[in-house]
Amino acid sequence: MSTIECLEREIDEAEIAFKYLLRLRETDKIQMQKDMVLNVKMLVEPYLEKLINTGLSSNQQKLIEIIKTNLHDIISSFNRRLSLEFINLSPMEIQIANMIKIGNTTKEIADLMHLSEKTIATHRNNIRCKLGIKNKKIPLRTYLATLGTDDESDDPALFNCKISEGHNSYINASNNVNKKGKFCN
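In numbering that gives the first Met the number 0, the protein residues as written are 0 to 184.
Quick look at the structure:
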């Protein structure tokens, strides 16, 4: 066997090993995701349900509902799309976006977070700006709800948003970046 044939054989073996390791990594990743979902459902959700049934105030019940929703979001794609790297939302804006997504009003969010309604309105405006929908007739809650759905594109800058007329409109958020790197219309 010549040196070239030996090298080709080693390359083939290395390629087979590499493909095997990639498959193994993907299998491990899928199993880890399944384990995380199962652990949340088995070890956390039952206790949240028990806590809800202990005579909590309405504010406390809303906070528990937010916790439940946030746990669900952790295991879904919504937060992946809202990641800080993607649209530069602050942690406070991510919290507020989560509360908007589950249907809380500005007043309810202000009460839960012990902030003024004006502060929440400012955060809502900043979120709309960073999402590229500041001057568009798209309800923020509707838009946020679409972020967790699988749309036709894997490009995270392209959102599928259902508008009230009943048709789909694509908004490319990367077209709305100002000179400081912030999203805005």
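In this text, a Cβ means the ideal position worked out from N, Cα and C, and glycines have one as well.
Comparing alpha carbon positions, the residue from L37, R22 and L139 closest to A96 is L139. Cα atoms of N134 and I108: separation of roughly 23 Å, rounded to the nearest angstrom. Here the alpha carbon of V39 sits roughly 27 Å from the alpha carbon of L21.
Annotation for N69: the continuous alpha helix (DSSP H) segment containing it runs S57 to I73.
If the five residues before and after R127 are omitted, its C-beta is found closer than 7 Å to the C-beta atoms of K133 and L139, all from its own chain and listed in chain order.
When DSSP states are grouped into helix, strand and coil, I101 belongs to the coil group. Comparing C-alpha distances from H113 to each of M35, M91, Y142 and Y46 shows the shortest one belongs to M91.
Between the alpha carbons of I137 and K18 lies a gap of roughly 45 Å.
A16 and H71 have their alpha carbons spaced roughly 36 Å apart. Taking C-alpha positions only, M35 is separated from E4 by approximately 46 Å. In the structure shown, P90 adopts helical secondary structure according to DSSP, grouped into three states. In the DSSP annotation of this structure, the continuous segment of the alpha helix (DSSP H) that includes M31 starts and ends at T2 to N38. In the structure shown, the three-state DSSP call for P138 is coil. Between the alpha carbons of I119 and Q30 lies a gap of roughly 39 Å. By the criterion of a C-beta distance shorter than 8 Å, T105 is surrounded in its chain by E116, I119, A120 and R123, once the five residues flanking it on both sides are discounted. L50 is not a Cβ neighbour of K67, given a cutoff of 8 Å.
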